[in-house]
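Here is the structure we will look at, set down as structure tokens.
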Amino acid sequence: MKNEKTLFTNETKPRSISGTNIFISLIAEDILQLRESCYQGEYTEVPAKHTKDYLIFTDNYWSTLETCLRDFDKMSKEKFTEKYRKNELKESEKALEGIVEDTIDYIFDKIGGHQNSIPIDIDKNKHVDPLLKKKLEQKYARQIIADATVVESEPGHEKEPEKGKKADNKKEDENDEPKIIDVIELPETTIQGIKRSIRKIAEESLIQDAFEIIEYRVLNDGEYRFKKFVHKISDIYDDFILNPTSGKPKKSLLEKDDTTLIKQAANNYEVIGKRKYLKNKRKFESALRGSFLEQVKSAREVLKKEG
Numbered sequence: 038m039k040n041e042k043t044l045f046t047n048e049t050k051p052r053s054i055s056g057t058n059i060f061i062s063l064i065a066e067d068i069l070q071l072r073e074s075c076y077q078g079e080y081t082e083v084p085a086k087h088t089k090d091y092l093i094f095t096d097n098y099w100s101t102l103e104t105c106l107r108d109f110d111k112m113s114k115e116k117f118t119e120k121y122r123k124n125e126l127k128e129s130e131k132a133l134e135g136i137v138e139d140t141i142d143y144i145f146d147k148i149g150g151h152q153n154s155i156p157i158d159i160d161k162n163k164h165v166d167p168l169l170k171k172k173l174e175q176k177y178a179r180q181i182i183a184d185a186t187v188v189e190s191e192p193g194h195e196k197e198p199e200k201g202k203k204a205d206n207k208k209e210d211e212n213d214e215p216k217i218i219d220v221i222e223l224p225e226t227t228i229q230g231i232k233r234s235i236r237k238i239a240e241e242s243l244i245q246d247a248f249e250i251i252e253y254r255v256l257n258d259g260e261y262r263f264k265k266f267v268h269k270i271s272d273i274y275d276d277f278i279l280n281p282t283s284g285k286p287k288k289s290l291l292e293k294d295d296t297t298l299i300k301q302a303a304n305n306y307e308v309i310g311k312r313k314y315l316k317n318k319r320k321f322e323s324a325l326r327g328s329f330l331e332q333v334k335s336a337r338e339v340l341k342k343e344g
């Protein structure tokens, strides 16, 4: 996993903790808060946002989106109407509410009222992925606001005047304070359970993202045909030509002519961020004749030498 970097606890004997586990713990904390109170819309929006961030963090966003899109293969422009989209989104929202409710109950049952915590010094963990660091900073900001609210509500508390040298020194002292937060520590079985819930939330919450892709395709092509996502053209060779078990090129594919292979690749793959290839299939096929075809030809040479 690209973003799997460990964090170190702020303890006498620091421990290394999985970055993924900390991310899951932060998600669990925020979802659990929905049990107490939330604004209209937050009940599903908060888990959906966290889920998308987690999928991006673990490099699973595009593969999960593929799962959503498979169900809409061969979707025609005539069927993909505004009414159809609204009905599908309504059904997904209803299903999502049920999944979130089950997730909240699961998290509360596992950690509600009896959780251990992990002290994390944010400044000593600057090496982590930016998305996780952002989550840690957001947690710290909420913690500061919560602490300030408690102090200000205490009887006899009065704010000191913020003027002169005294106020400036106080501000400097505050800036020098370590950014330490307490993150709930979850057992591995609970983490795995929350991961399963995240997958279920993703199946429903990513439908809006899926519909944006489908809409673009049906407007350009008249229908949506499912395609696998790749980050770059060379990835098509790895997924299409190589045997996933042996890691060797599939002989049956290498025996096909160049034109056939290029058309198959263009019909079954989409390069993320390259919409110009969707608008102009010839440009995509032309690009495939570069690095992709070179890889195929090299594999044929190796196969030929091996006899």
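Throughout, this note's numbering is defined as the position within the sequence shown, counted from one, plus 37. Glycine included, every Cβ here is placed at the ideal spot set by N, Cα and C.
Helix, strand or coil at T46 [DSSP, three-state]: Here residue 46 refers to the residue found at position 9 when the sequence shown is read from its first residue. In the three-state DSSP reduction, T46 falls in the strand class (E or B).
The segment 88 to 97 / the segment 221 to 239 touching (three or more Cβ pairs under 8 Å): Yes, the segment 88 to 97 touches the segment 221 to 239.
Cβ pair Y177, I159 closer than 8 Å: Taking the first residue of the sequence shown as position 1, residue 177 is located at position 140. Taking the first residue of the sequence shown as position 1, residue 159 is located at position 122. A contact, by the Cβ cut-off of 8 Å.
Closest Cα partner of A21 within the set S328, M112 and E322: With the chain running from 38 to 344 in the structure shown, residue 21 is simply not present.
Boundaries of the beta strand (DSSP E) in which D272 is found, first to last residue: Position 235 of the sequence shown, counted from the first residue, corresponds to residue 272. First-last for D272: I270 to I273, but that is the alpha helix (DSSP H), not the beta strand (DSSP E).
Backbone CA spacing between L92 and K342 [nearest angstrom]: Taking the first residue of the sequence shown as position 1, residue 92 is located at position 55. Taking the first residue of the sequence shown as position 1, residue 342 is located at position 305. Going from the Cα of L92 to the Cα of K342 covers about 43 Å.
Contacting residues, own chain, Cβ-Cβ under 7 Å from E331 (five flanking each side not counted): Mapped onto the sequence shown, residue 331 falls at position 294. Exclusion of the five residues before and after E331 leaves no residue of its chain whose Cβ lies closer than 7 Å to its Cβ.
CB contact flag (L44, I59, <8 Å): Position 7 of the sequence shown holds residue 44. Position 22 of the sequence shown holds residue 59. Cβ distance < 8 Å, so L44 and I59 count as in contact.
Under the three-state DSSP convention, the category N124 falls into: Here residue 124 refers to the residue found at position 87 of the sequence shown. In the structure shown, N124 adopts helical secondary structure according to DSSP, grouped into three states.
Sheet register partners of N317 (DSSP bridge): Here residue 317 is taken as the residue at index 280 of the sequence shown, counted from 1. In the DSSP output, where bridge partners are listed per residue, N317 has none listed.
Beta-carbon contacts of F321 that lie in its chain and below 6 Å, excluding the five residues immediately before and after: Here residue 321 refers to the residue found at position 284 of the sequence shown. Taking F321 as the centre and dropping the five residues before and after it, the same chain places the C-beta of A303 and Y314 closer than 6 Å to its C-beta, in chain order.
Buried versus exposed call for S53 [16 or more other C-beta atoms within 10 Å across all chains shown]: Locating residue 53 in the sequence shown gives position 16, where the first residue counts as 1. Exposed, since its Cβ has fewer than 16 Cβ neighbours within 10 Å.
Buried or exposed (CB count within 10 angstroms, at least 16 for buried), C75: As a working mapping, residue 75 is identified with position 38 in the sequence shown. With fewer than 16 other Cβ atoms within 10 Å, it is exposed.
Entirely enclosed beta strand (DSSP E) segments - the segment 207 to 288, minimum 3 residues: Restricting attention to beta strand (DSSP E) runs no shorter than 3 residues, the segment 207 to 288 encloses them at 217 to 222 and 265 to 267, ordered along the chain.
Same chain only: Cβ atoms within 6 Å of I61, ignoring 5 sequence neighbours per side: The residue given as residue 61 occupies position 24 in the sequence shown. Annotation for I61: I228 and I231 place their beta carbon closer than 6 Å to its own, counting only its chain and skipping 5 residues before and after.
Residues that V308 bridges to, as DSSP identifies them: What you label residue 308 is simply residue 271 of the sequence shown in a count that begins at 1. Answer is V267, bridged to V308.
Terminal residues of the alpha helix (DSSP H) in which I93 lies: As a working mapping, residue 93 is identified with position 56 in the sequence shown. According to the DSSP assignment, I93 belongs to the alpha helix (DSSP H) that extends over E79 to F94.
Supposed close pair A65, I144 - CB separation, criterion 8 Å: The count along the sequence shown starts at 1 and reaches residue 65 at position 28. The count along the sequence shown starts at 1 and reaches residue 144 at position 107. Contact annotation, A65 with I144: C-beta distance approximately 5 Å; criterion of less than 8 Å satisfied.
DSSP-derived helix/strand/coil call for R326: To locate residue 326, count along the sequence shown from 1; it is residue 289. Three-state result, R326: coil.
Three-state class that DSSP yields for N153 in the structure shown: As a first step, residue 153 is located in the sequence shown; it is residue number 116 there, counting from the start. Looking at N153 - three-state DSSP - the assignment turns out to be strand.
Where V220 falls, given that 16 or more other Cβ within 10 Å makes a residue buried: Indexing the sequence shown from 1 puts residue 220 at position 183. Buried, by the Cβ-count rule.
Proximal residues to T81 (C-beta, below 8 Å), its chain only, five neighbours per side dropped: On the sequence shown, residue 81 is found 44 positions in, with the first residue counted as 1. Closer than 8 Å at Cβ, skipping near neighbours: E130, L133, E134, V137 and S242.
Backbone CA spacing between K161 and P84 [nearest angstrom]: The count along the sequence shown starts at 1 and reaches residue 161 at position 124. The count along the sequence shown starts at 1 and reaches residue 84 at position 47. P84 has its alpha-carbon roughly 28 Å from the corresponding atom of K161.
Buried or exposed (CB count within 10 angstroms, at least 16 for buried), R319: Position 282 of the sequence shown, counting from 1, holds the residue named residue 319. With fewer than 16 other Cβ atoms within 10 Å, it is exposed.
Range covered by the alpha helix (DSSP H) that runs through Y76: If you number the sequence shown from 1, residue 76 lands on position 39. From DSSP, Y76 is part of no alpha helix (DSSP H); its letter is neither H nor E.
Given G34 as reference, the closest of N257, P281 and V267 once Cα atoms are compared: Residue 34 is absent from the structure shown; the chain starts at 38 and stops at 344.
Cβ-based neighbour list, W99, same chain, cut-off 6 Å, excluding 5 preceding and 5 following: Numbered from 1 along the sequence shown, position 62 holds the residue referred to as residue 99. Exclusion of the five residues before and after W99 leaves F266 as the residues of its chain whose Cβ lies within less than 6 Å of its Cβ.
Check whether L290 and I278 have beta carbons under 8 Å apart: Numbered from its first residue, the sequence shown carries residue 290 at position 253. Numbered from its first residue, the sequence shown carries residue 278 at position 241. With a cutoff of 8 Å on beta-carbon distance, L290 and I278 are scored as near each other.
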